[in-house]
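Data first, discussion second: the structure below is written as structure tokens.
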Amino acid sequence: MSENLPENLEEGQISAEGGTAASVQAFRSAPEPTQVGERRGLFSHGGSGDTTGFGGLVEPIMLPGESPRPYGSWFDSVVDILEELLTEDGLAVRDVIQRVVVDHDELTIYVAREHILQVCQHLRDDQDLRFELCLGVSGVHYPAQEGAELHAVYHLMSITHNRVLRLEVTCPDSDPHIPTVVPVYPGNDWHERETWDLMGIVFDGHPHLTRTAMPDDWVGHPQRKDYPLGGIPVEYKGATVPPADTRRSYN
11 MSENLPENLE
21 EGQISAEGGT
31 AASVQAFRSA
41 PEPTQVGERR
51 GLFSHGGSGD
61 TTGFGGLVEP
71 IMLPGESPRP
81 YGSWFDSVVD
91 ILEELLTEDG
101 LAVRDVIQRV
111 VVDHDELTIY
121 VAREHILQVC
131 QHLRDDQDLR
141 FELCLGVSGV
151 HYPAQEGAEL
161 HAVYHLMSIT
171 HNRVLRLEVT
181 CPDSDPHIPT
191 VVPVYPGNDW
201 HERETWDLMG
211 IVFDGHPHLT
221 RTAMPDDWVG
231 HPQRKDYPLG
241 GIPVEYKGAT
251 VPPADTRRSY
261 N
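FYI, the working numbering numbers position 132 of the sequence shown as 142, with every residue one higher than the one before it.
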């Protein structure tokens, strides 16, 4: 038995969580997580000086690997139905679904960016899927993940079946474009604007991609990891607080 298995679990025995030896085998063969970067300091910023005093903090950034079948729960049926619909469209599944990850009992489907709208259409409209609600899209920046530095993450909910899944789409810094899903999920209008404003992901076909938090003439996208920590002086009761990048470093 693998040393990573739960204690006192033999072949054919049912675990406390209801798993069998088959799920144990899937646990054994699951790929190891992949390190996509390294977080240093409190804000993971390598530009200006870290004034927090946590400059010596180093933490690896890990992403889980692709999960083997069976995924368990309702995950297999959802992926099977989606693959069947894509095949009926004349598409190769591997060209659309890059990988499926089950981690912490959550289902994440990585989708090639050119097919995200089509995948959302199927997930919303098929009677056995019915993910009617998109809870928005958020952006993540992994500067060390070459060719996939920017991630757009969509959380979908099926009110009909009481299920939640995650879609994740990647794009490179050099070409930060992903098709909009507003035609399928109109409520994503504001969320895509906010993700473009703060993370710099351009959602092609969006009806009105304008900033939400920053002024229209602002240069850059403040939530990216490569954005400078500097700012403007702040006046408070006659005193002036200098921008973060001009304060002394505590490292």
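From the three backbone atoms N, C-alpha and C, an ideal C-beta is built for every residue, glycine too.
Worksheet item: Cβ of A223 versus every heavy atom of the ligand COA: is any distance shorter than 7 angstroms?
Response: Absence of the ligand COA is noted for the structure shown, with no ligands found whatsoever.
Worksheet entry | Which listed residue (Y81, A158, L127, H114) has its alpha carbon closest to that of S184 | Sequence index remark: in the sequence shown, residue 184 carries index 174 (1-based). Looking only at Y81, A158, L127, H114, the smallest Cα-Cα distance to S184 is reached by A158.
Worksheet item: Once you ignore the five residues that flank V129 on each side, which residues in its own chain have a CB closer than 6 angstroms to its CB?
Response: Sequence index remark: in the sequence shown, residue 129 carries index 119 (1-based). The answer, listed in chain order, is V121.
Practice prompt. Could you spell out where the beta strand (DSSP E) holding F213 opens and where it closes?
Written response: Sequence index remark: in the sequence shown, residue 213 carries index 203 (1-based). Its beta strand (DSSP E) spans residues 212-214.
Discussion item. Between the alpha carbons of L177 and Y246, how many angstroms are there, rounded?
Written reply: Walking along the sequence shown from the start, residue 177 turns up at place 167. Walking along the sequence shown from the start, residue 246 turns up at place 236. In a straight line, the C-alpha of L177 is about 44 angstroms away from that of Y246.
Worksheet item: In three-state terms, what does DSSP make of Q45?
Response: Residue 45 sits at position 35 when you count from the first residue of the sequence shown. Taken through DSSP and simplified to helix, strand or coil, Q45 comes out as strand.
Fill in: Of the residues W228, D99, R79, the one placed nearest V112, counting alpha carbons only
On the sequence shown, residue 112 is found 102 positions in, with the first residue counted as 1. Closest option to V112, Cα to Cα, is R79.
Worksheet item: Is it right to say S77 is buried, meaning 16 or more other beta carbons lie within 10 angstroms of its own, or is it exposed?
Response: Within the sequence shown, numbered from 1, the residue matching residue 77 stands at position 67. Classification for S77: buried.
Discussion item. If the criterion is Cβ atoms closer than 8 angstroms, does the pair M209 and H151 meet it?
Written reply: Translated into the one-based positions of the sequence shown, residue 209 becomes position 199. Translated into the one-based positions of the sequence shown, residue 151 becomes position 141. H151 is positioned such that its CB atom lies closer than 8 angstroms to that of M209.
Item to complete: For G248, I'd like the list of residues in its chain whose CB is within less than 8 angstroms of its CB, leaving aside the five on either flank, ordered along the chain.
Response: The sequence position of residue 248 within the sequence shown is 238, counting from 1. Closer than 8 angstroms at the Cβ level, and outside the excluded window around G248, lies no residue.
Worksheet item: By the 10 Å Cβ neighbour count, where 16 or more other Cβ atoms means buried, how is G51 classified, buried or exposed?
Response: Taking the sequence shown and counting its residues from 1, one reaches residue 51 at position 41. Of the other Cβ atoms in all chains shown, 16 or more fall within 10 Å of the Cβ of G51; this residue is therefore buried.
Fill in: Neighbourhood of D214 by C-beta, 6 angstroms cutoff - its chain only, sequence neighbours within 5 removed
Numbered from its first residue, the sequence shown carries residue 214 at position 204. So the list reads H187, P189, once near-sequence residues are dropped.
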